[in-house]
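To start, the structure itself, in structure tokens.
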Amino acid sequence: MKLISFFRSSTFYKPALAALLLAVSRLPLHLGFLVFFGFIPLFSLLQEKRHFKQMILAALVFSVVYTSTALHWISLVTIGGFIGLYFLFGLYFSILFIILNKAWNAFPKIRLLVFICFWMSFEYLQNFGEFRFPWFNVGYSLADYLPFIQ
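Sequential numbering from 1015 applies to the sequence shown in our numbering.
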């Protein structure tokens, strides 16, 4: 019964919906415009006051759905690497969601700006170090819209 109530809770469906929208926008389906709607469920999730454990759970749901959808092709190359991505991005998104939750509540007047700054910083930091992984950058979803962007 707890499992059913978990799937109905906003801790599950909001990050899952956000991850699905963001991931599908990155696939070669010409649905890049979905990236503009992908963050709305996350804003709604952050609007609700969440505890530390709930944010980690939401981050893990987001990570699993996002990784499974956007990076499914890695499982064809190396299943071990794909499983490793679940752990790596589970940790990354857990840290990000906790920071976003704290910042969202600490700066109510500029929360959207704070969200954008932290998300972009997170993406920027993913481009460095031994675990650099630039394929998760949101900008890739807008590759079909270069004339519109420029």
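Glycine included, every Cβ here is placed at the ideal spot set by N, Cα and C. Being a predicted model, the structure only gives us computed values, none of them experimental.
Let me check you understand the geometry: is the CB of residue i closer than 6 Å to at least one non-hydrogen atom of the ligand MG?
i: residue 1050; result: As far as ligands go, the structure on display features none, and thus does not contain the ligand MG.
CB residue i to CB residue j, shorter than 7 Å?
i: residue 1128; j: residue 1121; result: yes
i: residue 1113; j: residue 1132; result: yes
i: residue 1141; j: residue 1064; result: no
i: residue 1056; j: residue 1032; result: yes
i: residue 1030; j: residue 1079; result: yes
i: residue 1077; j: residue 1028; result: no
i: residue 1081; j: residue 1103; result: yes
Please list the terminal residues of the continuous alpha helix (DSSP H) segment that includes residue i.
i: residue 1118; result: 1093-1120
i: residue 1080; result: 1066-1084
i: residue 1135; result: 1125-1139
i: residue 1027; result: 1024-1040
i: residue 1058; result: 1054-1061
i: residue 1169; result: Lying before the first or after the last residue shown, residue 1169 is absent from the chain, which here runs from 1015 to 1164.
Near residue i, what residues of its chain come up, given a Cβ to Cβ distance below 7 Å and the 5 sequence neighbours on each side ignored?
i: residue 1044; result: 1158
i: residue 1088; result: 1095, 1096, 1099
If you drop the 5 nearest sequence neighbours on each side, which residues of the same chain put their C-beta closer than 6 Å to that of residue i?
i: residue 1108; result: 1070, 1073
i: residue 1084; result: 1037, 1040
i: residue 1068; result: 1025
Using a Cβ-Cβ cutoff of less than 8 Å, which residues in the same chain neighbour residue i once the five nearest sequence positions on both sides are dropped?
i: residue 1051; result: 1035
i: residue 1166; result: The first residue shown for the chain is 1015 and the last is 1164, placing residue 1166 beyond what the model contains.
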